[in-house]
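I have placed the structure first, in the form of structure tokens, so that the comments after it can refer back to it.
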Amino acid sequence: MTLETTMKQCTETISDIWNVIESHVGQPIRHDEKLWGSNLWDRTGLVEEGIIGDASLWTRQILLNRQTPALHTAFATILGTEKLLINQDRYGMFRPAKEHPERATMTNLHLDMNPWKYFTDKDNSYQIEVLTSLDYEDDDDWIVENNEPGCDTIGERHVQGLVNLADNLEEDGVQEKEFGEKH
Numbered sequence: 088m089t090l091e092t093t094m095k096q097c098t099e100t101i102s103d104i105w106n107v108i109e110s111h112v113g114q115p116i117r118h119d120e121k122l123w124g125s126n127l128w129d130r131t132g133l134v135e136e137g138i139i140g141d142a143s144l145w146t147r148q149i150l151l152n153r154q155t156p157a158l159h160t161a162f163a164t165i166l167g168t169e170k171l172l173i174n175q176d177r178y179g180m181f182r183p184a185k186e187h188p189e190r191a192t193m194t195n196l197h198l199d200m201n202p203w204k205y206f207t208d209k210d211n212s213y214q215i216e217v218l219t220s221l222d223y224e225d226d227d228d229w230i231v232e233n234n235e236p237g238c239d240t241i242g243e244r245h246v247q248g249l250v251n252l253a254d255n256l257e258e259d260g261v262q263e264k265e266f267g268e269k270h
């Protein structure tokens, strides 16, 4: 994947995020930050968490992003296998809050699973019980599936990742130089 391809995919993804947001609020707002207040933004999903949509999103761009070779390589490297099973979720977006503190999202680390349950369950019977109860007649079932990763004791490995569409600076968090150069 070339830098040009990556930049194009980022641009198309950002546009898709705005398309989803605007479909929720019912009007164009991407170029007018004055419209990003709670009167419209509250329609976009889980505002306090910065999550767009109430259910999994199935746009063409989201599906393309899930198939990006660089992402597959990164996760295959982390998990030690080329055979990956992915799940489907939503977009996240945080409105600038420095000048607008009312836009701030909750202070938490959002994980799609409970790591304590993942590491303490003795078997995957609870996972089987939850997953066999799903009928997928409701979009929420996709989210339930995402949040039920099984358990470590039977050797399942689950990794949650996100695609950041802006360059990270050194002060933004952990950077693994060697990994970044390879992937």
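Counting the sequence shown from 1 gives a position; this note's numbering is that position plus 87.
Backbone N, C-alpha and C define an ideal beta-carbon position, used for all residues, glycine too.
Residues that residue i bridges to, as DSSP identifies them
i	result
residue 116	In DSSP, residue 116 forms no bridge with anything.
residue 138	133 and 179
Buried/exposed call for residue i, threshold 16 Cβ in 10 Å
i	result
residue 177	buried
residue 246	exposed
residue 285	The requested residue 285 does not occur in the structure, where the chain is confined to residues 88 to 270.
residue 173	exposed
residue 235	buried
residue 215	exposed
For residue j and residue i, the rounded distance between their alpha carbons
i	j	result
residue 252	residue 93	10 angstroms
residue 98	residue 218	36 angstroms
residue 137	residue 192	6 angstroms
residue 89	residue 100	16 angstroms
residue 131	residue 110	9 angstroms
residue 221	residue 175	15 angstroms
residue 196	residue 244	20 angstroms
residue 106	residue 133	17 angstroms
residue 113	residue 129	12 angstroms
residue 148	residue 103	7 angstroms
residue 91	residue 254	15 angstroms
residue 189	residue 95	32 angstroms
residue 201	residue 127	32 angstroms
residue 170	residue 198	23 angstroms
residue 268	residue 224	Caution is warranted here: a pLDDT of 49 is assigned to residue 268, below 50, making its placement in the model unreliable, and no coordinate value can be reported.
residue 250	residue 226	22 angstroms
residue 187	residue 155	35 angstroms
Below-8 angstroms beta-carbon distance, residue i vs any chain C residue
i	result
residue 140	Of the protein chains in this structure there is only one, and it is not chain C.
Residue i beta carbon near the ligand NAP (any heavy atom closer than 7 angstroms)
i	result
residue 186	The ligand content of the structure shown is nil, which means the ligand NAP is not present either.
Stretch-stretch touch, CB-based, cutoff 8 angstroms, three pairs: the stretch 199 to 215 with the stretch 235 to 252: yes
Touching by the beta-carbon criterion (3+ pairs, under 8 angstroms), the stretch 127 to 146 and the stretch 220 to 239: The stretch 127 to 146 vs the stretch 220 to 239: in contact.
Cβ contact (3+ pairs, closer than 8 angstroms) linking the stretch 171 to 188 and the stretch 121 to 137: yes
At least three beta-carbon pairs within less than 8 angstroms, the stretch 108 to 122 to the stretch 151 to 164: As far as the Cβ criterion goes, the stretch 108 to 122 does not touch the stretch 151 to 164, which means the pair count is below three.
Contiguous alpha helix (DSSP H) assignments of at least 4 residues, all confined to the stretch 192 to 252: Entirely contained in the stretch 192 to 252, the alpha helix (DSSP H) runs reaching 4 residues are, in chain order, 202 to 207, 212 to 219 and 227 to 233.
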